[in-house]
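Read the structure below first, then the notes.
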């Protein structure tokens, strides 16, 4: 959480031309394994995450790949993706958003909470242009 706050403060202080916040992570030991192989369920989860992050959903697509799923939500402000490996109880999540009014960390947390993981490795990057 501290990393997100620091980036938000950094962006606020710089008054950039383009605001970009990128939150991504590895989600390990997921206890909600049925969701990891559910295209429809993951699509609904991406929709909910986008709403929680105050993003404008344009389209959502999901594909079954082996036991897992790859799903992407195209949002007006950028994208949300998830790739899953249910056989390893593992997923990767990527939330990128432009604009002060969105909150990619809230969207990320929505997905993480639904997967009920044992461990989360998170990265947060400021992708703004001054």
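Residue numbers (this note's numbering): 12 to 141.
Note that the Cβ used here is the ideal one computed from N, Cα and C, for glycine as well.
Keep in mind it's a predicted model, so treat the numbers as computed, not measured.
**OP:** Quick one: residues in its chain with C-beta nearer than 8 Å to the C-beta of residue 50, no 5 flanking neighbours on either side, listed in chain order?
**Re:** Your numbering for residue 50 matches position 39 in the chain shown. For residue 50, where only same-chain residues beyond five positions count, the Cβ hits under 8 Å are 73, 74, 75, 80 and 82.
Original post:
Quick one: is residue 81 near chain D, going by C-beta distance under 8 Å?
Top reply: Protein chain content of the structure displayed is limited to a single chain, and chain D is not contained in it.
**OP:** Excluding the 5 residues preceding and the 5 following residue 107 in the sequence, name in chain order all residues of the same chain whose CB lies nearer than 6 Å to its CB.
**Re:** Numbered from its first residue, the chain shown carries residue 107 at position 96. Within the same chain, residue 107 has close Cβ partners 33, 89 and 90.
Subject >> Proximity below 8 Å, CB of residue 111 to CB of residue 36 >> reply: Position 100 of the chain shown, counted from the start, is the residue given in the question as residue 111. Position 25 of the chain shown, counted from the start, is the residue given in the question as residue 36. Their beta carbons are not under 8 Å apart, which means residue 111 does not touch residue 36 by this criterion.
Original post:
In three-state DSSP terms, what is residue 101?
Top reply: Numbered from 1 along the chain shown, position 90 holds the residue referred to as residue 101. It is a strand residue.
Original post:
In angstroms, rounded to a whole number, what distance separates the CA positions of residue 69 and residue 109?
Top reply: Numbered from 1 along the chain shown, position 58 holds the residue referred to as residue 69. Numbered from 1 along the chain shown, position 98 holds the residue referred to as residue 109. Taking the straight line joining both Cα atoms gives about 15 Å.
Subject >> Bridge-paired residues (DSSP) for residue 126 >> reply: Position 115 of the chain shown holds residue 126. Paired residues: none, contrary to the question.
Subject >> Residue nearest to residue 71 in terms of C-alpha spacing, selected from 64, 62 and 58 >> reply: Within the chain shown, numbered from 1, the residue matching residue 71 stands at position 60. Out of 64, 62 and 58, 58 has the C-alpha closest to the C-alpha of residue 71.
Original post:
For residue 77, is the classification buried or exposed, using 16 other Cβ atoms within 10 angstroms of its Cβ as the cut-off for buried?
Top reply: One-based indexing of the chain shown puts residue 77 at position 66. That one is exposed.
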